[in-house]
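To keep things clear, I will list the structure first and then write my remarks on it.
Protein chains in written order, with this note's numbering: chain A, 284 to 511; chain B, 2 to 408.
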């Protein structure tokens, strides 16, 4: 029996937009098991990013309950959620979001140092992850000296370096060419298989969907279809 | 990556803006440091002038009420020989190294035999005068070998057409209101450094003043020179109860209280310093606020990323506060370097000027006032902290999703 990492029940999320309100999510129910690999897809404005934000504990629903690793996180303080993100969740952003003044290695070390790990230990682990994503020789380069694909690999190493329960990737291939997209997808699948980390992607990219066993289609803030 | 190192790199990220802010802090700090250094030198000069030049010493002991009513009832307020002896005994018991000089002021007419003019005489024993002058042995000294020899301010000597070695006569009212005259010899002329006294001041031997005033062995005050000026306030605090316990109804004044000029100049310079400091602080606060505010806005998405990967709100605030403190710290260090350079240049240039109410030029010297430098750096640091903390708190409190969506 697989354990649920996430359990979302009747999730609603809306945002004020001028005098109107945008209903981003309308009663979403979703359970994600540990170790699972899942793609959330749908057109722009369907609520993919909003759902990912909720799964990443950087946003809270207006209605419904969200259990992460068995806990209802609604009442958690900001610091508790922040610490939880640091320990249990890795983020891969569409625009990479690396810190420009840090080298690739320092970017990967960052979540560990936020945890309070000593620099030497953090460096050792970060070097290991940079090697796993094939960037060992680019460790001293700053992000502006790296290609888009290399930056996204650094972001993946940063997401995984804390050995999280979950990696969230928001449109990870949107800013990459075909070759880099294929490489990235293969890398993510490999890491998912090797580490058992739960991976949730949001994407429009059919190439990514082909490699992910479970798909959740969102339309107008509702789950239209699930495929496994 | 330590917060400190990250702060340094972030400052270098927008080097031109950081440099502009740093220079505004540096020049502001240097302006305050140079002015406080200049005033320190001025205060030191004024202190020397008051204590040794005007012979005020460190403490002055007189009968209570002497300052207000001494001229109306001199008999009542002059110290007698027994009182002088008891006061000296108490002072020497506490401060054996102190010098005590009985003093007697006189006013009257000085004449060259043809014309007369007003003079204000300070009666002091020649050996006491020498001790009170201390390291600042200026012209205008009395001589133990010349009991009728007086030192006359140059302006007064010029009015009477007198020069060193000339004879003069002085006429005063005695303690009991009778006229009394004596012959005197001008043994010395001197510059008072004070325009108000230049055509009136005279030093005369204490014994001559006592004789003229018909008040043998009496004095209107005792001037005390302590081993160190820093002992002044403490000595007053110790001596006052000792005098009271001995039944002496006297009051003790410090040199600052008696030197009106010192207090006026210091008050004026302190006010100007506060004004300059306020201007500098305003410029620095605006500069740092602008730099940090822009930095926070430009790095909104980065803040969102850091929050997403686990940096607490307090961590974000700490990051920006560290940057602001680094800016202020580096700015103050650069300001100190500028100060030292400018100070060395000014002091080496040998510039001089004539201060207000003075008759002679003085060198423009700039010192270093460590206390004010530390105070200024601390205030700049606090204000830099405040200037960073508000935009940083605002950014840290922004929802992570909004920060990440920032364009």
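Quick reminder that beta carbons are idealized off the backbone N, C-alpha and C, glycines included.
Check                                                                                                                                                                                              : Outcome
I need the straight-line Cα distance from residue 489/A to residue 333/B, nearest angstrom please.                                                                                                 : 58 Å
Less than 8 Å between CB atoms is the rule here; does residue 408/B satisfy it with respect to chain C?                                                                                            : The structure shown contains no chain C; the protein chains it does contain are A and B.
Identify, in the order they occur along the chain, each residue of the same chain with its Cβ nearer than 7 Å to the Cβ of residue 247/B, setting aside the five sequence neighbours on each side. : 87, 91
Using a Cβ-Cβ cutoff of 9 Å, what residues of the segment 307–341 of chain B are near chain A? List them in chain order.                                                                           : 307, 308, 309, 310, 311, 312, 313, 314, 315, 316
By Cβ distance, which residues of its chain are closer than 8 Å to residue 355/B, with the 5 residues on each side in sequence left out?                                                           : 361, 362, 363
Mind checking residue 38/B: buried by the 16 CB within 10 Å criterion, or exposed?                                                                                                                 : buried
Relative to the C-alpha of residue 367/B, which residue among 376/B, 31/B, 347/B is closest?                                                                                                       : 347/B
Taking only beta-carbon positions, decide if residue 303/B is within less than 8 Å of chain A.                                                                                                     : yes
Does DSSP classify residue 284/A as helix, strand or coil?                                                                                                                                         : With a pLDDT of only 49 at residue 284/A, under the threshold of 50, the placement of this residue in the model should not be trusted; the figure read from the coordinates follows. Correct three-state label for residue 284/A: coil.
Which ranges does the alpha helix (DSSP H) cover as unbroken runs of at least 4 residues, wholly within the segment 315–344 of chain A, from first to last along the chain?                        : 331–338
Hey, does residue 11/B have any beta-carbon neighbour from chain A nearer than 8 Å?                                                                                                                : yes
Shortest alpha-carbon distance to residue 454/A belongs to which of 295/A, 288/A, 379/A?                                                                                                           : 379/A
Contact check, residue 338/A vs residue 483/A under 8 Å by CB: the rounded distance?                                                                                                               : 6 Å
Which value, in whole angstroms, describes the spacing of the CA atoms of residue 375/A and residue 436/A?                                                                                         : 9 Å
What are the start and end residues of each continuous alpha helix (DSSP H) run of 4 or more residues lying completely inside the segment 318–402 of chain B, in chain order?                      : 371–398
Alpha carbon to alpha carbon, what distance is there between residue 201/B and residue 195/B?                                                                                                      : 10 Å
DSSP three-state call for residue 70/B: helix, strand or coil?                                                                                                                                     : helix
How about residue 491/A: is its C-beta nearer than 8 Å to some C-beta of chain B?                                                                                                                  : no
Residues in its own chain within less than 7 Å of residue 458/A by CB, not counting five upstream and five downstream?                                                                             : 377, 378, 431
Could you tell me which residues DSSP puts in a beta bridge with residue 254/B?                                                                                                                    : 61/B
What residues from chain A crowd round residue 283/B, counting only those whose CB sits closer than 8 Å?                                                                                           : Residues of chain A passing the Cβ test: none, with the nearest at roughly 31 Å.
Name the chain A residues whose beta carbon is nearer than 8 Å to that of residue 14/B?                                                                                                            : 383, 384
Kindly say whether residue 299/A, judged by its beta-carbon, lies nearer than 8 Å to any beta-carbon of chain B.                                                                                   : no
With a Cβ-Cβ cutoff of 8 Å, do residue 406/B and residue 322/B count as a contact?                                                                                                                 : no
Please report the Cβ distance between residue 293/B and residue 400/B, rounded to the nearest whole angstrom; I am assuming they are in contact, meaning their Cβ atoms lie under 8 Å.             : Not a contact, Cβ separation roughly 21 Å.
Using only the alpha-carbon positions, how far apart do residue 324/A and residue 507/A sit?                                                                                                       : 10 Å
Considering only the beta carbon of each residue, do residue 163/B and residue 187/B sit closer than 8 Å?                                                                                          : yes
Looking at chain A, which residues of the segment 13–45 of chain B have a Cβ within less than 7 Å of any of its Cβ atoms?                                                                          : 14
Does the beta-carbon of residue 178/B have 16 or more other beta-carbons within 10 angstroms, so that it is buried, or is it exposed?                                                              : exposed
Residues of chain A with CB closer than 7 Å to the CB of residue 401/B, please, in chain order.                                                                                                    : 341
For residue 495/A and residue 434/A, what's the separation of their Cα atoms in angstroms?                                                                                                         : 22 Å
Less than 8 Å between CB atoms is the rule here; does residue 413/A satisfy it with respect to chain B?                                                                                            : no
When you compare only the Cα positions, how much space is there between residue 287/A and residue 352/A?                                                                                           : 7 Å
To the nearest angstrom, how far is the alpha carbon of residue 294/A from that of residue 356/A?                                                                                                  : 13 Å
List the endpoints of the continuous beta strand (DSSP E) containing residue 376/A.                                                                                                                : Neither: residue 376/A is in no beta strand (DSSP E) and is coded neither H nor E.
Quick check on residue 303/A: buried or exposed, where buried means 16 or more other Cβ atoms within 10 Å of its Cβ?                                                                               : exposed
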